Amino acid sequence: METWDAITSRRQVRSFTDQSIPDAVLRRILDGARLSPSGSNRQPWDFVVVSDGEQKKRLSAVWKGAAFTAGAASVVALVLPVVEDDDARSLMNRFDLGQAALQLSVVAADQGVGSGLAACRDQVLARDVLALPDDRFVAILVALGYPQDRAIAPMKNLDRRPFDEVVHYDRW
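Its first residue numbered 52, the sequence shown is counted upward by one per residue in the working numbering.
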């Protein structure tokens, strides 16, 4: 798939088939996230991959908006270090992780795999389910799987604001 096609194929998927993701495909998706750009090459992230059904079900309870993740083939918890009293580093970590999340999702689309992102509100539950150390927290959950409704393919009618409304040259 061309890069542009992967970008226009990426969409929020919340309903998945029972089909598992081949190990080589899952590894490529994770490697795409691992290779994401990072400020000063700090790479603050860790990824915890959950494929066990019971563990996915427990993890999906970390926020009401994450319930759909239980039906995914795999859920990737994007983990960051807890940063005490350092707003700049915390913001940089979240910026870097956002790039990793996007890159993971675009590589997934390139592989024909759907992705759906969810927040994680209950850090105590997440830490328990994933056996995270106290100095880490789950910033984002990414559900991965094959979409129930339609295959991953470039979308023709993207529901986005018009280009000329969004892009400004030299000044507003």
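Ideal Cβ positions, reconstructed from N, Cα and C, are used throughout, including at glycine. These numbers come from a predicted model, not from an experiment.
For this session: Please name the residue, chosen from Val76, Gln70, Thr68, Ser71, that lies closest to valine 157 on a Cα-to-Cα basis.
Result: Numbered from 1 along the sequence shown, position 106 holds the residue referred to as residue 157. Nearest of Val76, Gln70, Thr68, Ser71 to valine 157, Cα basis: Val76.
Exercise. On the premise that valine 101 lies in contact with serine 71, defined as a C-beta separation below 8 Å, what is that separation, rounded to the nearest angstrom?
Worked result: Here the question's residue 71 lines up with position 20 in the sequence shown. Here the question's residue 101 lines up with position 50 in the sequence shown. With a Cβ gap of about 13 Å, serine 71 and valine 101 do not count as contacting.
For this session: Would you grab the beta carbon distance between alanine 118 and leucine 176 for me? Rounded to a whole angstrom, and I think it's under 8 Å.
Result: Along the sequence shown, one-based indexing puts residue 118 at 67. Along the sequence shown, one-based indexing puts residue 176 at 125. Alanine 118 to leucine 176, Cβ: 13 Å. No contact.
Exercise. From Phe67, Thr54, Leu110, pick the residue whose C-alpha is nearest to that of aspartate 179; which is it?
Worked result: Start at 1 with the first residue of the sequence shown, and residue 179 comes out as number 128. It is Leu110 whose Cα lies nearest to the Cα of aspartate 179.
For this session: Would you kindly report the start and end of the unbroken alpha helix (DSSP H) that includes serine 60?
Result: One-based indexing of the sequence shown puts residue 60 at position 9. Note, serine 60: alpha helix (DSSP H), 54-60.
Exercise. In the DSSP assignment, what are the bridge partners of phenylalanine 67?
Worked result: In the sequence shown, the residue the question calls residue 67 occupies position 16. Pro198, per the DSSP bridge assignment.
Exercise. How would you label phenylalanine 67, buried or exposed, when you count the other beta carbons within 10 angstroms and need 16 or more for buried?
Worked result: Taking the first residue of the sequence shown as position 1, residue 67 is located at position 16. So phenylalanine 67 counts as buried.
Exercise. Alanine 128 lies in the beta strand (DSSP E); which residues open and close that run?
Worked result: Taking the first residue of the sequence shown as position 1, residue 128 is located at position 77. Note, alanine 128: beta strand (DSSP E), 125-132.
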